[in-house]
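Participant:
Encoded structure:
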């Protein structure tokens, strides 16, 4: 089909009259700016293995003169891993000047090298500039339904390579490269055996479609030239029309100021009009530039700046500081998907379809407008859209997830952003905090619409900014765009800096977790999809052609972790370093591949290779199973520190797709407690209207996200399961840990706390967080104890090694340097290091427990002996010999003790002697009893005698109190005593 040609200037008056008379009525002139249709880097499944064949170039396929319909978009990743949309689709577009009937036609699909075609019949008429959306098969993933389709089929299309034909007829085509009846043809992906022109389109993926350029208008009959990959943007028969080949001439000599184009409302009063305007260029981007009126109108309600979209067109007059005149069309650009209500309500006024840029002056500057956050009302910065401003600092980095992928950092004025339902119960207070967050937040963009910009912006002197770091005042131009990983997500104000921002390290990395004390260390760690089966079908043990199980179905597409052995080795190295530093005696794990004991044993083996053979063992698989999800929870422990009591238990109630795993333990001292590891339903993959689970589980806008009712039911079921565990353990002490996928004040946690359990993170800290999402920090990872267990918790802390780190530092190799890269301008950034940092996306939780056996000597006893474990041995009045036994013990002397004790096996540096009560009984108050002479040590042969001198340097003689056998005073220090 020939590319539509622009009318000659000689016919402009006639065309203008035709437009006025309504012969050609267009709803809007649209364009697609690829980088603003950004999606989060999900991990696509492996490409299907297609039979190889030499591509065949099809000649231009002629359509009837009145039916200029083309295939404008193809997407086969619907419902796959990482996909936003649930269905595959094919989109048609009428790039002609009259309506086109497609009744009796069909769209047909064949695999990349296939000869078997499947047809979906069509009916109806497409107006000029209109679209028709053909929905195809759905997958098991995805979060968003397509806009209402105009036709529906059931074709399961490949997400990476295939062939699509628009056919004048309903009968299925035959052969590898059929031509009979074919109106338009698209071969997509490098393995497609035929295409229009010399080569097929680039390969799409689970998160990318192939889209015809210029909203469908471009048609050179060469697929590789006409199509580009971009996030899917399905358009149907009610979408905005996109006119092709009709240009309204600019008015002769009539300039319109930028502030008049912007107007005082949220959209331009001159929408779709061709205008002449001028301004000083303030910022260049990869696809256009910002310009601003040299004087402005001094009206704070109207912006003096605007973005000029030029695409790939070159205009030599454009340079920062140049005064230029621009001829173009006023458009309102929606930075999100067509059905995104939020971005549709916050469109960006731009000049597009630029026909001329004329130099009018050079060497000019614009004084930035001073702006302070937070906004008085969310959205106030729309008044500065396109303008050069200086935002008064300081700002705190709130999120850096998209730094490597899109060159963006989310910043906040006034400190970090907290997830509202992490601090408040859902309701008015949480809503107020959400509004405050929105008014304090702004996105620092890199001034381009490129994905994976190189070099990566905002690295400073090689450092990776962490959430919590700060930056001062920022000068740049104001823009608006997506703030999330999905084109269906919310948008936010952005600033493209014109002066390089300078970051300060305000939240430095911690090489080791915070000290939590106690004698038993418990940790909870979501390891973000530790899979020993990879996305390419290989395994850690060297197998190929394997898959992962999900709901009983086995496929490589179900594998969620590393894509290859190289990635897996990087992933494992980071996780092992983190676990070694945690040094937990027992560790609950989330997101372990549900492949029996294979994945968890692989991790145990790697950890033992790092810390010592036999240090850790995995808790056995529970008899009731581990559920049908692709991931499960697991538990590992140190056999030298504790012993499992009986078999592990799992709660396979239907409410749990990832059953809770419980294991009672006994310490060497005979004390017991039970650990329950949980991973509740996530907030994503929301149910669609009409689904049986929709009621109560849809996102009702209270901040708790989707599936809240299900998570609440899981919390209630957990309380029931605890009773079973307590009965099996012979102990009431239970500790609940894991990723509950609920923030601290949400219903599931509130239910547990309201039922007699206590939130241990809240008990020991204020602003606790383990995860950052959409710029706000909160904790999804919890430690919750029943009343008796809570008395044994010494301290709890999150170790912030992941939530604050940029995803650029993780194990993934996509969009990074290959392992053989040696550097240079073309070598992508890869700041990977085999350290704990960004080993996952959740921070681990570490607890110190006091699991001691308390032994009190009777008044008549002359000796007392501890257990094989950790004991607290209390001695009162009377002379006696004390033997701690195994473990690390605390020797406590009560107020009635008057001396005469002998400790036979004291271990300096590991055990303590408490004389606090004795000193208090003698009226001695000192912060340094040894230094002030109240407590003394003297040699007694090979032993050490500890004495108390009530008057320190006075005349009274010291009182011998405790003889420590086999230890000299030189090995004893203040740290061995409790005063």
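Residue numbers (the working numbering): 563 to 1541. For every residue, glycine included, the Cβ atom is placed at its ideal position computed from N, Cα and C. Quick caveat: nothing in here was measured; it's all calculated off a predicted structure.
#1: Pull the bridge partners of residue 795 from the DSSP assignment, please.
#2: Which residues in the same chain have their Cβ closer than 8 Å to the Cβ of residue 1094, if we skip the five residues on either side of it in sequence?
#3: Look at the Cβ atom of residue 981, then the Cβ atom of residue 1031, and state whether they are nearer than 8 Å.
#4: By the three-class DSSP mapping on this structure, what secondary structure does residue 1248 have?
#5: Can you pull the DSSP bridge partners for residue 1415?
#6: Quick check: the segment 1370-1377 against the segment 1000-1012, are at least 3 beta-carbon pairs closer than 8 Å?
#7: Who are the Cβ neighbours of residue 1355 in its own chain at under 7 Å, not counting the five residues just before and after it?
#8: Please check the pair residue 1487 and residue 1500, which I expect to be a contact at CB under 8 Å, by giving their CB distance rounded to whole angstroms.
#9: Tell me whether residue 1160 sits in a helix, a strand or coil according to DSSP, three-state version.
#10: Which whole runs of the beta strand (DSSP E) in the segment 944-1002 are 3 residues long or more, in chain order?
#11: Taking contact to mean at least 3 C-beta pairs separated by less than 8 Å, is the segment 1437-1451 in contact with the segment 1179-1191?
#12: Shortest alpha-carbon distance to residue 799 belongs to which of 1491, 661, 1196 and 1266?
#13: Beta strand (DSSP E) containing residue 1500: first to last residue?
#14: Please state whether DSSP places residue 1312 in a helix, a strand or coil.
#15: Classify residue 1398 as buried or exposed, calling it buried when 16 or more other Cβ atoms lie within 10 Å of its own Cβ.
#16: Quick one: using the 10 Å Cβ neighbour count with 16 as the cut-off for buried, is residue 740 buried or exposed?
#17: Can you tell me where the beta strand (DSSP E) with residue 905 in it begins and where it stops?
#18: DSSP three-state call for residue 1444: helix, strand or coil?
#19: Compute the beta-carbon to beta-carbon distance between residue 844 and residue 1116, rounded to the nearest angstrom, for a pair I have assumed lies under 8 Å.
#20: Tell me the DSSP bridge mates of residue 673?
#21: State the beta-bridge partners of residue 1542 as determined by DSSP.
#22: Does the segment 783-790 come close enough to the segment 702-712 that 3 or more CB-CB pairs lie under 8 Å?
#23: So if DSSP puts residue 853 in a beta bridge, which residue, or which two residues, is it bridged to?
#24: Are the CB atoms of residue 1582 and residue 889 nearer to each other than 8 Å?
#25: Where do the N-terminal and C-terminal ends of the beta strand (DSSP E) with residue 1356 fall, by residue?
#26: Along the chain, where does the alpha helix (DSSP H) that runs through residue 1129 open and close?
#27: Looking at the structure shown, is residue 1183 part of a helix, part of a strand, or coil, going by DSSP?
#28: I'd like the span of the alpha helix (DSSP H) that includes residue 823, first residue to last.
#29: Tell me the DSSP secondary structure of residue 1013 in three-state form.
#30: Are the C-beta of residue 1070 and some C-beta of chain D separated by less than 8 Å?
#31: Should residue 1048 be labelled buried (16 or more other beta-carbon atoms within 10 Å of its own) or exposed?
#32: To which residues does DSSP link residue 817 through a beta bridge?
#33: For residue 1234, which three-state DSSP category applies?
#34: Could you tell me the boundaries of the beta strand (DSSP E) in which residue 1151 lies?
#35: In angstroms with no decimal places, state the Cα-to-Cα distance between residue 650 and residue 719.
#36: Give me the Cβ distance between residue 1334 and residue 965, rounded to the nearest whole Å; I'm assuming they're in contact under 8 Å.
Facilitator: Taking the structure as given:
#1: DSSP output for residue 795 lists no bridge partner at all.
#2: 1101, 1102, 1103, 1130, 1155, 1157, 1160, 1161 and 1164
#3: no
#4: coil
#5: 1433
#6: Segments in contact, no.
#7: 1322, 1347, 1409 and 1411
#8: That belief does not hold up - the Cβ atoms of residue 1487 and residue 1500 are roughly 24 Å apart, past 8 Å.
#9: helix
#10: 950-953, 957-961 and 971-975
#11: no
#12: Distances from the CA of residue 799 to each of 1491, 661, 1196 and 1266 were compared; the closest alpha carbon is that of 661.
#13: 1497-1502
#14: helix
#15: buried
#16: buried
#17: From DSSP, residue 905 is part of no beta strand (DSSP E) but of the alpha helix (DSSP H) over 903-906.
#18: strand
#19: That belief does not hold up - the Cβ atoms of residue 844 and residue 1116 are roughly 56 Å apart, past 8 Å.
#20: Looking at the DSSP output, residue 673 sits in a beta bridge with 724.
#21: For residue 1542 there is no data in the structure shown, the boundaries of the chain being 563 and 1541.
#22: Output reads no: the segment 783-790 does not touch the segment 702-712.
#23: 843 and 868
#24: As displayed, the chain neither begins before 563 nor continues past 1541, which places residue 1582 out of reach and without an answer.
#25: 1355-1360
#26: First-last of the alpha helix (DSSP H) with residue 1129: 1127-1144.
#27: Under the three-state reduction of DSSP output, residue 1183 falls in the coil class, being neither helix nor strand.
#28: 820-824
#29: coil
#30: In the displayed structure, chain D is absent; only one protein chain is listed.
#31: With 16 or more other Cβ atoms from the protein chains shown falling within 10 Å of its own Cβ, residue 1048 counts as buried.
#32: 838
#33: Note: residue 1234 maps to strand in three-state DSSP.
#34: 1148-1155
#35: 7 Å
#36: So it is not a contact: roughly 12 Å between Cβ atoms.
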